[in-house]
Amino acid sequence: MGRAPCCDKNNVKRGPWSPDEDSVLKSYIETYGTGGNWITLPKKAGLRRCGKSCRLRWLNYLRPDIKHGGFTEEEDEVIYSLYNEIGTRWSVIASRLPGRTDNDVKNYWNTKLKKKLFSSRKTTTMTNPNILSSNYDRGYLAEGPCVPVDLKLQEMTANQTQQFHNKYDTHQALPYYRRTRNDVQPEMCSITSISNSSPAITSVDCKSTTSFCGSMGEGSFCTDHGVQLVWDFINELLVEDETPRFDQPSFPTTDLQSFVNWPMNL
DNA sequence: AAGCTCCCCAACCGCATGAAG
DNA sequence: CCTTCATGCGGTTGGGGAGCT
Numbered sequence: 004m005g006r007a008p009c010c011d012k013n014n015v016k017r018g019p020w021s022p023d024e025d026s027v028l029k030s031y032i033e034t035y036g037t038g039g040n041w042i043t044l045p046k047k048a049g050l051r052r053c054g055k056s057c058r059l060r061w062l063n064y065l066r067p068d069i070k071h072g073g074f075t076e077e078e079d080e081v082i083y084s085l086y087n088e089i090g091t092r093w094s095v096i097a098s099r100l101p102g103r104t105d106n107d108v109k110n111y112w113n114t115k116l117k118k119k120l121f122s123s124r125k126t127t128t129m130t131n132p133n134i135l136s137s138n139y140d141r142g143y144l145a146e147g148p149c150v151p152v153d154l155k156l157q158e159m160t161a162n163q164t165q166q167f168h169n170k171y172d173t174h175q176a177l178p179y180y181r182r183t184r185n186d187v188q189p190e191m192c193s194i195t196s197i198s199n200s201s202p203a204i205t206s207v208d209c210k211s212t213t214s215f216c217g218s219m220g221e222g223s224f225c226t227d228h229g230v231q232l233v234w235d236f237i238n239e240l241l242v243e244d245e246t247p248r249f250d251q252p253s254f255p256t257t258d259l260q261s262f263v264n265w266p267m268n269l
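Residues in the first sequence are numbered from 4 upward in steps of one, following this note's numbering.
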């Protein structure tokens, strides 16, 4: 048996809030505060709404310090940067953007910023047309300039590229294990870009971007279960480019339990 | 003008967390 | 310690507006 519902769903109104309801909720909270109890608030305020719904409406829309309207370039940068550091912890990201809510940031990321980030890879702030700016592209990178895989392949001769494609399917989905604060989760990724300045590649899975580098903090991933291929991949590409071949990082890459137990802050 | 598709975003859902008893 | 339950959070949904044919 599941948990008891927080309210009687048959007796509460759902869906969009009317201006009258907004006005009632706003004036109640401005007069009496939330009283630290959202569950009883709607009854006291005379609203036929679930407490959760009231809380959401207040926090995401009615609060006086909410900033409505488009995001600025500066806010975009903050989101890129924090997304790369901590992933989809929207409330933490929103806390760094005065007047923005977690819902706002999440919606903005999912509907606009992600697309903007992908399309911008070809055009923005590049000092070299073949190398993406690490500053702009922090959302993807651990550090240093980074080259999309497709561009890297274009640099090779047609014959080399064909041989490479015969050997590797560059768009195949690869399984890996991602470390989070609390556990290790199996996920899938595909490789989108490689760094030519540090032993790092960058991949994009369906949910987020992931750096593949020497650090063992949150977001790093285990190369077991097929992602060994990744290292062959990067070295094969880089060796075409006079870049020294990188050794595999020293952290455990084949034993899942060692990966799980490895200290976060090395 | 009508019908269709796409996109945005407000709102909902269910799970995790932590406080209180 | 265990249980209960309010709160907070991230993922997802769906209504409605905008744009296109």
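Quick reminder that beta carbons are idealized off the backbone N, C-alpha and C, glycines included.
For Leu-44, the uninterrupted alpha helix (DSSP H) segment begins and ends at 44-48.
In this structure, the alpha-carbon of Trp-112 lies about 16 Å from that of His-71. If you look at Asp-107, you'll find it in the alpha helix (DSSP H) that goes 105-111. For the pair Ser-21 and Glu-80, the Cα-to-Cα distance works out to about 35 Å.
A buried status is given to Glu-24, since no fewer than 16 other beta-carbon atoms sit within 10 Å of its beta-carbon. Within a 10 Å sphere around the beta-carbon of Tyr-86 sit 16 or more other beta-carbons, which makes this residue buried.
By the neighbour-count criterion, in which 16 or more other beta carbons inside 10 Å mark a residue as buried, Ser-56 falls on the buried side.
Collapsing the DSSP output to three states places Ser-26 in a helix. The C-beta separation of Pro-45 from Gly-54 comes to about 6 Å, placing the pair in contact by the 8 Å criterion. Selection Ile-82, Val-15 and Gly-49 evaluated against Val-27 yields Gly-49 as nearest (Cα-Cα). For Arg-60, the enclosing alpha helix (DSSP H) has its first and last residue at 54-60.
The Cβ atoms of Lys-109 and Trp-93 sit closer than 7 Å to each other. Per DSSP, Ile-69 lies in no alpha helix (DSSP H) and is assigned neither H nor E. Counted as a single uninterrupted DSSP element, the alpha helix (DSSP H) harbouring Trp-93 occupies residues 93-98.
CA-to-CA, the gap between Ser-84 and Ile-96 works out to about 9 Å. Just measuring C-alpha positions, the residue of Ile-89, Trp-61, Arg-52 and Gly-90 sitting nearest Gly-102 is Trp-61.
Distance from Leu-65 to Lys-16 at the Cβ level is roughly 16 Å; contact not present, criterion being Cβ atoms closer than 8 Å. Thr-34 and Asn-63 do not touch by the CB rule: their CB atoms are close to 21 Å apart, not below 8 Å. A straight line joining the alpha-carbon of Gly-18 with that of Leu-59 spans about 12 Å. Around Arg-51, the same chain offers Val-15 and Lys-16 as residues with beta carbons nearer than 6 Å, after the five sequence neighbours per side are excluded. Sequence-distant Cβ neighbours of Ile-32 in its own chain, meaning closer than 7 Å and more than five residues away, are Trp-61.
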